[in-house]
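Enquirer: Would you mind keeping the following structure in view while I ask a few things?
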């Protein structure tokens, strides 16, 4: 991410060079800053409590949480890309997890077909939400807030009807293994991975790769960004904006479903409360990572880093025995700080974009 | 020209009558729904809902929904949102109770502290929105996170009993089976309605929410209106917190956790425009009553509490969708002047403006 | 009609001298001077981009000039905000509606200075004061009606009443009639004359010369940011003088070489008695390959709406659209582009044409992604950059490279980007809407050359412009629109005199009674 702008200016436009968006520069700086802060915190927590480096006790669960919440962040990022928001991230996860639980308990499906059903359910509920927003033009905030409560009620009702203890207890084969397996269980001949890296992380990496590919390399993803950038111009450039709005929300729902699955695997059961803690982290990750709130730009790596920062703080505070009650105070303060930088960035980019009349 | 110009008088009168009819109908509909709903429930409970105790119960638990609805309404009037309604209310509740229980602060002082703290935190929300120029949604999301932490820090895992007999008496006192705290909520509603209708500051707040550019060109400070809205919101939440402490047996870390949707449900069902500039205090109070009826009905038929969330969510969704459809139809009907295409263009622009900034600003 | 009175020159109420205002890339004002006197209606004329709106914005405290003097009653003033302007006695009626829709007429009128006692609105005083403003204008409106229930014309009048609510001695009217019918405009000008007789200094900004000559006493003409005619009595000038001053050398229209227009085969685009949901009636029009057909009309004639109907953004109720001879049913822009090869360069480039926060590459390649994508929707970066570079060079877009953000380009270059995406998409029919608004003269000439070249390369071009010299320079045929109908089509002989006379005739000639009183119905009967 270096591509100095002066070079472009000097070499003019003759040779097509590998593309590097200029505006990422500010974002790159922000992500680099995040990385430094994370490294500093890791060192600080590590020197205060050497248990912070314990692969089994700290690193493994930390990475597992990062995996879950990065996917949650990506889910929010998908709608932020078009300038919308999804307050129902958590409940969409719960809704999809409910289908997975049903699939395992009542339909006796194996692990991955059940997951597929859950992802489909997430995509469907996301698409429905997107459709309501696109068709009525009502603010995404209100629609997703109301949807949140509809799903909250619905999910609790279904659990009350179909389970005895508000949880699906049936575990498909491989679910427990998935929870505890690390890369140490993945061997290529004599060479095995690190025991500190949970296999669940691979789901998050896969999601990041797919979403990253989508936004940076495909027509669909780039059109989503343009809808976020300027919906009128997008429409007049031949982009089917309604379909893209629905698509962004469907993507958000799918990723929420995946996050719900990962959390259920981590917790060991599918419960109605899955996702109830998703809302705030879903914004923290992308916003800290430099995804614009106004749409038109996203950062996948930033979302990972933003999520990592919040999880490192959480893990560190727990280890220091400070207690989680302070966690939210710090996170909120960090979010406020990040907002100010976001604002500064916007002002700068606006000033740059300030047009001659 | 000596004769007065009369422009499309019949059309205007009609439009006006229509507008008046509509304005009336939103609240009338709510009133009708409320009355019918209550009657059905009362009849079906063989009159037990009409007993003094039952009435008192219904109204007591209606107090907080009305107050948080008003707290949200006043920011909606300025075209803002306050996500921190629940977190602020929760924090102030445990703060008030904690001050009395842990530090022996006398009730009046604790109440004063809560209301003042609410006002100040509200003002801080507004100031942050103005300073960062970011929509209130995300700013209040951040302050909400902080307040949740503070609430947890004060309350921990315990349930705090304020232990003030006087306050408790105030919470359960009723005149003619009407709880005093409920009257307090109505008084707050009346005061807010008066403020928004008659006070210069209130009109300016609404003007700023209705058309910020026009307000600015008329010499109204949008920043001030915005801070004022958040400050009032904080003040009303402070009152809601005091009422909570007075009427609940104890407060803990989960107080306020379920206030978010009800706070939006009341003003939105009550007819508030999300884009700002148009709210109905009466509508919000009636809507809160109807939401309360859903809960009463749920209890009466021993249904799962989840039905309430489901129903309220669905009703809010239905309200915004129907409201939007009606709005579109109205703007279509209200452009009786096809003589100029700037007309439609301007309408389209106004629509886009209503959409775009919300879409953008919500983000 | 000419000015009825020639008031003896009173002392200037408002004077602006040698104002200079530079925006990044453009010198909007370059020594503009304006003098307004009490009891006189003054016209401010100039082509699009001549600096009129910048001047108005300076007078109302929106912008501050880089240099130059502003004086009210001979004393220098600095206007930092709208409030300052109100305090200085300057009131403005903007093109945009600046009313609070939910508030009553009375409240909107008095919004600048709300009568109040101890923080409470004095409703009686609000009504009295508002009534006084309405009386001043001779208007009869329901004081308690919410503004959102009014018609556009009524809103416009409320705006004027609002401008009068503070004791303003200077009234700026910025295109006040753009949303009014002729009859309504007449009433408005009666009011303006009355205000003038009461001693108000009125400034009228309008692109409609008829109304300027009907109500104004004096005139200032801006060209390229400078005053080329200062406070001259309008009676001493003819319409043609004024036009000549406004357009300057562009008047003797830069003549472009003639182009052969192949007459074989069916037209590229043909409209046959098309009626649309937004109110077009029996629109028949055809554009051949290599031909530029101009669509001229006043603002509000329905030209942009017609373009949008051709893109599938408005419903076609009856009639036929044919593309290369076969009937086209266009549902949306994507289909217009991919199936019928129709492109549209919108009028408002910043809001509809370009993605300011995206790179040049993205802006140009957005229309070709569908074509160049491979499996899994993969868009090859190299291919898209090559296209961007190719069109950047072909159109002479001045940028630091394909990764520059579109928002950092100058207005002219942004407009070229807005055009480039359609060329990259290999459109065959191009609708270009007001291509040179807000673009300086030199870039404008280059742009004309470019559009000419595109036609020479075989594109069928439908050119929408309110800029008559531009129309005369470029168009092969001119279709004139009024009230969502085409009133006539004429061959353009590229002679400004004859062409402009013919066009004006088509706009105002036919059926004047109808256009005065009977706004056409936009919905099908």
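Residue numbers (my numbering), protein chains in the order written: chain H, 1 to 357; chain X, 358 to 720; chain D, 721 to 1245.
For glycine and all other residues, C-beta sits at the position ideal for the given N, C-alpha and C.
These numbers were taken from a predicted model, which means no experiment stands behind them.
(1) Buried or exposed for residue 277/H, going by 16 or more other Cβ atoms inside 10 Å?
(2) Using C-beta distances below 6 Å, list every residue in its chain close to residue 257/H, excluding the 5 sequence neighbours before and after it, in chain order.
(3) Determine the burial state of residue 503/X: buried for a count of at least 16 other Cβ atoms within 10 Å of its Cβ, exposed for fewer.
(4) Beta-carbon of residue 843/D versus every beta-carbon of chain X: anything under 9 Å?
(5) Against chain X, with Cβ distances strictly below 9 Å, would residue 802/D count as a contact?
(6) Does residue 695/X have its Cβ less than 9 Å from a Cβ in chain H?
(7) Buried or exposed: where does residue 56/H fall if 16 or more other Cβ atoms within 10 Å of its Cβ makes it buried?
(8) How many angstroms separate the CA atom of residue 24/H from the CA atom of residue 677/X?
(9) Residues of the region 1130-1143 of chain D in Cβ contact with chain H at a cutoff of 8 Å, in chain order, please.
(10) Mapping DSSP to helix, strand and coil, what is residue 1136/D?
(11) By the DSSP assignment, the alpha helix (DSSP H) with residue 791/D in it spans what residues?
(12) Helix, strand or coil for residue 181/H, going by three-state DSSP, please let me know.
(13) Name the one or two DSSP bridge partners that residue 608/X has.
(14) I'd like the list of long-range same chain contacts for residue 241/H, defined as Cβ closer than 8 Å, with 5 residues on each side in sequence excluded.
(15) Which residues mark the beginning and the end of the beta strand (DSSP E) in which residue 1205/D is found?
(16) Work out the CA separation of residue 836/D and residue 557/X for me, nearest whole Å.
(17) If you follow the beta strand (DSSP E) that residue 300/H is in, where does it begin and where does it stop?
(18) I need the DSSP call for residue 741/D, collapsed to helix, strand or coil.
(19) Answer yes or no: do residue 564/X and residue 575/X have a C-beta to C-beta separation smaller than 9 Å?
(20) Provide the residue span of the beta strand (DSSP E) that contains residue 1063/D, from first to last.
(21) Give every residue of the same chain whose Cβ lies closer than 6 Å to the Cβ of residue 1206/D, excluding the five residues on either side of it in the sequence, and list them in chain order.
(22) Can you give me the Cβ contacts of residue 1123/D inside the same chain, cut-off strictly under 8 Å, excluding the 5 residues immediately before and after it?
(23) With 8 Å as the C-beta to C-beta threshold (strictly closer), list the residues of the region 1072-1089 of chain D near chain H in chain order.
(24) Kindly confirm or deny that the region 316-335 of chain H and the region 67-87 of chain H touch, where touching means at least three C-beta pairs closer than 8 Å.
(25) For residue 950/D, would you say it is in contact with chain X, using Cβ-to-Cβ distances shorter than 9 Å as the test?
(26) Are at least three pairs of beta-carbons, each pair with one atom in the region 641-661 of chain X and one in the region 134-148 of chain H, less than 8 Å apart?
(27) When the Cα atoms are used, what is the spatial distance from residue 805/D to residue 782/D?
(28) Label residue 446/X either buried or exposed according to how many other C-beta atoms from any shown protein chain fall within 10 Å of its C-beta, with 16 as the threshold for buried.
(29) Under 8 Å Cβ-Cβ, which residues of chain D neighbour residue 226/H?
(30) Taking 9 Å as the threshold (beta carbon to beta carbon), is residue 339/H in contact with chain X?
(31) Starting from the Cα of residue 731/D, find the closest Cα among 798/D, 847/D and 759/D and give me that residue.
(32) Just reading off the beta strand (DSSP E) that residue 1100/D is part of, what are its end residues?
(33) Touching or not, the region 536-556 of chain X and the region 775-794 of chain D, by the rule of three or more beta carbon pairs under 8 Å?
(34) Taking a cut of 8 Å between CB atoms, which residues from the region 554-581 of chain X lie near chain H?
(35) Give the DSSP bridge partners of residue 112/H, in chain order.
(36) Listing by chain order, which chain X residues have their CB less than 8 Å from the CB of residue 916/D?
Expert: Considering the structure as presented:
(1) exposed
(2) Counting only Cβ-Cβ distances below 6 Å, and skipping sequence neighbours, we find 96, 118, 119 and 122.
(3) buried
(4) yes
(5) yes
(6) The predicted model places residue 695/X with a pLDDT of 37, which falls under 50 and marks its position as unreliable; any figure quoted below should be read in that light. Residue 695/X is outside the set of residues whose beta carbon lies under 9 Å from a beta carbon in chain H.
(7) exposed
(8) Here the model assigns residue 24/H a pLDDT of 47, short of 50, so the residue's position is not dependable, and the following value carries that caveat. Cα to Cα, the separation comes out at about 38 Å.
(9) 1130, 1131, 1134 and 1141
(10) helix
(11) Per DSSP, residue 791/D is not a residue of any alpha helix (DSSP H); the beta strand (DSSP E) it occupies stretches across 787-792.
(12) coil
(13) 517/X
(14) Setting aside the 5 residues that flank it on each side, residue 241/H is surrounded in the same chain by 134, 227, 231, 234 and 235, each with a C-beta closer than 8 Å to its C-beta; the list follows chain order.
(15) 1205-1211
(16) Between the C-alpha atoms of residue 557/X and residue 836/D there is a straight-line separation of about 7 Å.
(17) In the DSSP annotation of this structure, residue 300/H is not part of any beta strand (DSSP E); the continuous alpha helix (DSSP H) holding it starts and ends at 300-320.
(18) strand
(19) yes
(20) 1062-1065
(21) Here the set comprises 1003 and 1199.
(22) 1079, 1080 and 1081
(23) Within the region 1072-1089 of chain D, the residues whose Cβ lies closer than 8 Å to some Cβ of chain H are 1072, 1073, 1074, 1075, 1076, 1077, 1078, 1079, 1081, 1082, 1086, 1087 and 1089, listed in chain order.
(24) no
(25) no
(26) no
(27) 9 Å
(28) buried
(29) 1075, 1078, 1082 and 1086
(30) Chain X contact via Cβ: present.
(31) For the residues 798/D, 847/D and 759/D, the minimum Cα distance to residue 731/D belongs to 759/D.
(32) No beta strand (DSSP E) holds residue 1100/D; DSSP gives it neither H nor E.
(33) no
(34) none
(35) According to DSSP, residue 112/H bridges with nothing at all.
(36) Near residue 916/D there are no residues of chain X at all, since even the closest Cβ is about 13 Å away, more than 8 Å.
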